[in-house]
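See structure below.
Written out as structure tokens, the structure reads:
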């Protein structure tokens with residue numbers, strides 16, 4: 306019987322720190338930002354990424370003046386690395402902490418009312434002793450609380466933080482819609498609104514810093530940049546106040562579909578179609594520090610991301 310070919314040396318395993326750094330590059334778009342997010346000097350980060358590429362025998366990043374982007378091999382490694390890193394964190398959590406500490410969460414209003422309750426219910430199903438303290442504020446305030454360490458994880462209705470010190474991950478998508486009182490002229494129109502008509506109309510809007518307000522402003526600025534925006538008919542500090550203003554006939558409003566659904570079903574509001582206007586916004590988790598928050602906050606983030 307012929308001898309089998311001699312097996313070559315087993316490939317070396319990449320380190321968790323290197324995988325964490327690569328996912329940070331994928332999230333931030335540059336090696337320097339990833340180095341800051343993971344707390345290392347940029348030269349050390351570059352060397353670690355080079356070692357990772359040699360270990361795996363593949364080019365993972367395309368580097369240029371505008372930053373770094375993943376190659377197809379890099380995208381595959383990042384997708385699998387996230388699973389490995391999440392599993393490693395769960396292992397450490399299970400060994401190090403027999404009883405979960407209350408997780409400090411900051412969430413924008415729509416997330417707190419329509420997404421977070423389901424995520425926390427699933428968290429408590431997996432971890433019956435888990436508890437959460439929730440600050441319900443607008444998206445700008447969520448970012449401040451997370452940056453200052455007052456919240457372990459935050460959820461906002463916008464693409465993510467401008468600060469390289471914060472990590473982010475899109476976990477859901479919300480659709481916005483235009484609503485009016487049933488007797489408003491727009492309720493019976495036979496054709497969709499043009500974006501310019503919406504921009505030129507006084508609306509009931511959320512306060513500055515709200516994810517809903519930012520999404521509306523960005524959508525209109527993109528669709529009709531030359532049209533001067535009308536001054537708001539009213540500004541309100543919560544989605545409920547905006548909805549009730551629309552029900553009362555103050556003015557049209559742009560609101561999350563999940564928030565308006567009960568009033569639309571009851572006939573208290575009418576939905577108005579808008580032509581060629583992208584009224585969607587990402588629901589984004591934000592946190593400071595490692596690739597995933599430790600402990601219960603990390604488990605909550607994993608639950609939210611799994612539902613996307």
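Numbering (our numbering), first residue to last: 306 to 613.
Each residue gets a CB set at the ideal place from its N, CA and C atoms; glycine is no exception.
Confirm, please, whether the CB-CB distance from residue 461 to residue 516 is below 9 Å.
Yes. Within cutoff.
Would you mind working out which of 581, 579 and 605 sits nearest residue 590, comparing C-alpha positions?
Per the Cα distances, 605.
Please classify residue 370 as buried or exposed, where buried requires at least 16 neighbouring CB atoms within 10 angstroms.
Counting Cβ neighbours within 10 Å, residue 370 comes out exposed, since fewer than 16 surround it.
Starting from the C-beta of residue 574, find all residues in its chain whose C-beta is less than 8 Å away, skip the five residues before and the five after it, and write them out in chain order.
Once the five neighbours on either side are set aside, the close Cβ partners of residue 574 are 484, 485, 486, 487, 548, 551, 552, 565 and 568.
Which of helix, strand or coil does DSSP assign to residue 454?
The answer is coil: DSSP assigns residue 454 none of H, G, I, E or B.
Report the residue ranges of all alpha helix (DSSP H) runs contained in full by the region 516–575; include only those spanning at least 4 residues, in chain order.
Runs of the alpha helix (DSSP H) inside the region 516–575: 516–528, 544–552 and 562–570.
What's the gap between the Cα of residue 533 and the Cα of residue 504?
Spanning the two alpha carbons is a distance of roughly 7 Å.
Name the DSSP bridge partner or partners of residue 372?
369.
Counting pairs of Cβ atoms below 8 Å between the region 350–361 and the region 317–334, do you hit three or more?
Result yes; three or more Cβ-Cβ pairs closer than 8 Å.
For the beta strand (DSSP E) holding residue 501, just list the boundary residues, first then last.
Per DSSP, residue 501 belongs to no beta strand (DSSP E); it is in the alpha helix (DSSP H), 500–504.
Straight-line CA distance for residue 325 to residue 489?
Roughly 53 Å separates the two Cα atoms.
Taking the alpha carbon of residue 544 as the reference point, which residue from 611, 535 and 559 has its own alpha carbon closest?
Closest option to residue 544, Cα to Cα, is 559.
Under the three-state reduction of DSSP, which class applies to residue 479: helix, strand or coil?
Of the three classes helix, strand and coil, the one that applies to residue 479 here is strand, per DSSP.
Taking only three categories from DSSP, how would you classify residue 355?
It is helical.
Could you spell out where the beta strand (DSSP E) holding residue 587 opens and where it closes?
Unbroken beta strand (DSSP E) run through residue 587: 585–593.
Contact between the region 385–397 and the region 346–358: three or more CB pairs below 8 Å?
Result no; under three Cβ-Cβ pairs closer than 8 Å.
Does residue 508 come out as helix, strand or coil in the three-state DSSP assignment?
Coil.
Sort 434, 464 and 374 by Cα distance to residue 448 and report the nearest one.
Of the listed residues, the one whose Cα sits closest to residue 448 is 464.
How is the beta strand (DSSP E) around residue 409 delimited, first residue to last?
Per DSSP, residue 409 belongs to the beta strand (DSSP E) from 408–412.
Out of curiosity, what's the CA-to-CA distance linking residue 387 and residue 506?
Whole-angstrom Cα-Cα distance: 45 Å.
If you drop the 5 nearest sequence neighbours on each side, which residues of the same chain put their C-beta closer than 6 Å to that of residue 338?
These residues qualify, in order along the chain: 469.
Just checking: is the beta-carbon of residue 442 within a distance shorter than 9 Å of some beta-carbon in chain C?
The chain labelled as chain C is not found in the depicted structure, where only one protein chain is given.
Using only alpha-carbon positions, find the residue among 416, 328 and 432 that is nearest to residue 398.
The option with the nearest alpha carbon to residue 398 is 432.
Look at the alpha carbon of residue 498 and the alpha carbon of residue 598, and state the distance between them as a whole number of angstroms.
Each residue's alpha carbon lies about 43 Å from the other.
How many Å lie between residue 595 and residue 344 at the Cα?
Taking the straight line joining both Cα atoms gives about 9 Å.
Within 10 angstroms of its Cβ, does residue 536 collect 16 or more other Cβ (buried), or is it exposed?
By the 10 Å Cβ count, residue 536 comes out exposed.
To the nearest angstrom, how far is it from the Cα of residue 378 to the Cα of residue 474?
So the two alpha carbons sit approximately 21 Å from each other.
Look up residue 580 in the DSSP assignment and say whether it is helix, strand or coil.
The answer is coil: DSSP assigns residue 580 none of H, G, I, E or B.
Return the CA-CA distance between residue 554 and residue 492, expressed in angstroms with no decimal places.
Computed Cα separation, rounded: 12 Å.
Go to residue 600, then tell me how far its alpha helix (DSSP H) extends in each direction, as first and last residue.
Taken as a continuous stretch (DSSP letters only), the alpha helix (DSSP H) holding residue 600 covers 600–611.
Please confirm whether residue 524 and residue 500 have their CB atoms less than 9 Å apart.
Result yes, Cβ atoms of residue 524 and residue 500 sit closer than 9 Å.
Just to confirm before moving on: does the CB-CB distance between residue 513 and residue 586 stay below 9 Å?
No, the pair does not count as a contact, with Cβ atoms beyond the cut-off.
For residue 493, which of helix, strand or coil comes out of DSSP?
Reduced to three states, the DSSP call for residue 493 is helix.
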